[in-house]
Amino acid sequence: MPELPEVETIVRGLDKEIVGHQILGVETDTPNLFKGPNLEIFEDKIKGETIVKVSRRAKNILISLSGGKTLLIHLKMTGHILVTSDDIQVKNGKWLVDPKSPLADPQNQFIHVVWHLSGNKKMALSDLRKFANVLLKSEDELTDCLGDYGPEPLGLDFTFEKFYENIAKKKQPIKKVLLDQTVVSGVGNIYADEILYEARVNPTRLVSTLSKKEIEAIYENIKSVLKKAVDLRGTSVSDYRDIRGEKGGYGPVRKVYRRTGEPCPSECGGKVERITLGGRGTHFCPNCQK
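Here the UniProt record's numbering is used: the first residue of the sequence shown is 1, the next is one more, and so on.
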């Protein structure tokens, strides 16, 4: 699932490419991706609107329109957004492009929604599993929809005091707490594993057993790991690609996620193990994560 760094990378790309462009139309082969109004009503409400801003809240892409409504896209498990020339055609969900083009990457060949934009551009949603959600929200609806999310970990309101307060009374393993979007928004399975490795904390530890020093280490690594992943444009060990269809750069430098059986990067003598925790595959070094 795209997490904060992947969604942030997409949002920054969209903000450069589509702001100021008008929506000319939308088409889909999967109408159930649109939550709320049916496709005809949805298209009628956004057709002719100009895109004025693209932003992010947690793992949600927010595309603000000139009429006051916001297009909210949640990519779920396997979705990502692509932007290209409107001259490039799509047939049976696949781009008709040169095999050397990034769009020819198999992960970009599950096109289920296309927005046609002014300036000869199109924005497309590629989603292998078709779980993504596309919604249209008024300002009040958007506030209600996003109200339960915790602080943004790269924002000024993400202080150690607030983080400590949010987790202090939790009775779960620390990894499950990091995945709780009311505690801190945008962290998912990849970065929870990476954060806890850098903090040298075992993901199965109950929060109540953590010292303040360990919690401080987790807090600092939430910020540093996510910032590094944003700088490297996300992780593409699976489906994620940026708006050009290209891979992010964090995958090659990740420490434990999907590195089962490999030597611990700290050269402690241990090997990365994989367990299931709360239904999630979890990767860590039991030798140096205590």
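Don't be surprised by glycine CBs; every beta carbon is placed ideally from N, CA and C.
Cβ-Cβ distance between residue 185 and residue 141 below 7 Å: no
Does the beta-carbon of residue 240 have 16 or more other beta-carbons within 10 angstroms, so that it is buried, or is it exposed? Buried: at least 16 other Cβ atoms inside 10 Å.
Cβ-based burial, residue 173 [other Cβ within 10 Å; buried from 16]: Residue environment analysis places residue 173 among the buried positions, since at least 16 neighbouring C-beta atoms fall within 10 angstroms of its C-beta.
Residue range of the beta strand (DSSP E) that residue 54 falls in? 51-57
Backbone CA spacing between residue 158 and residue 96 [nearest angstrom]: Taking C-alpha positions only, residue 158 is separated from residue 96 by approximately 44 Å.
What is the DSSP secondary structure of residue 276, reduced to helix, strand or coil? strand
From this set, 73, 168 and 238, which residue's C-alpha is nearest residue 183's C-alpha? For the set 73, 168 and 238, the Cα lying nearest the Cα of residue 183 is the one of 168.
In angstroms with no decimal places, state the Cα-to-Cα distance between residue 207 and residue 213. 12 Å
Excluding the five sequence neighbours on either side, which residues of its own chain have a C-beta within less than 6 Å of the C-beta of residue 53, listed in chain order? 64
From 281, 242 and 288, pick the residue whose C-alpha is nearest to that of residue 123; which is it? Nearest C-alpha to residue 123 among 281, 242 and 288: 242.
Can you check which of these residues, 246, 39 and 57, is closest to residue 31 by C-alpha distance? 39
I'd like to confirm the pairing. Which residues does DSSP put opposite residue 36 in its beta bridges? Its beta-bridge partners do not exist; DSSP assigns none.
Quick test of the definition: if touching needs 3 or more C-beta pairs under 8 Å, does the region 276-283 touch the region 191-206? yes
Own chain residues within Cβ distance below 6 Å of residue 74, not counting five before or after: 60 and 133
Count Cβ pairs between the region 88-95 and the region 3-14 that sit closer than 8 Å; are there 3 or more? no
By the three-class DSSP mapping on this structure, what secondary structure does residue 133 have? In the three-state reduction of the DSSP assignment, residue 133 falls in the strand class, which pools E and B.
Would you mind working out which of 269, 165 and 146 sits nearest residue 219, comparing C-alpha positions? 165
Minimum C-alpha distance to residue 70 - residue among 136, 16, 271 and 244: 136
Counting only runs of 3+ residues fully inside the region 55-137, write out the beta strand (DSSP E) ranges in chain order. 60-65, 70-74, 79-85, 111-117, 121-127 and 133-137
Around the C-beta of residue 262, are 16 or more other C-beta atoms found within 10 angstroms, so that it is buried, or is it exposed? exposed
Less than 7 Å between the beta carbons of residue 232 and residue 250, yes or no? yes
Give me the Cα-Cα distance between residue 161 and residue 244, rounded to the nearest whole angstrom. 39 Å
Length of the line joining the Cα atoms of residue 150 and residue 180: When rounded, the distance between both Cα atoms is 9 Å.
Only counting the same chain, and skipping five residues up and downstream in sequence, which positions put a Cβ closer than 6 Å to that of residue 305? With the chain represented from 1 up to 290, any question about residue 305 goes unanswered, as that position is not in the structure.
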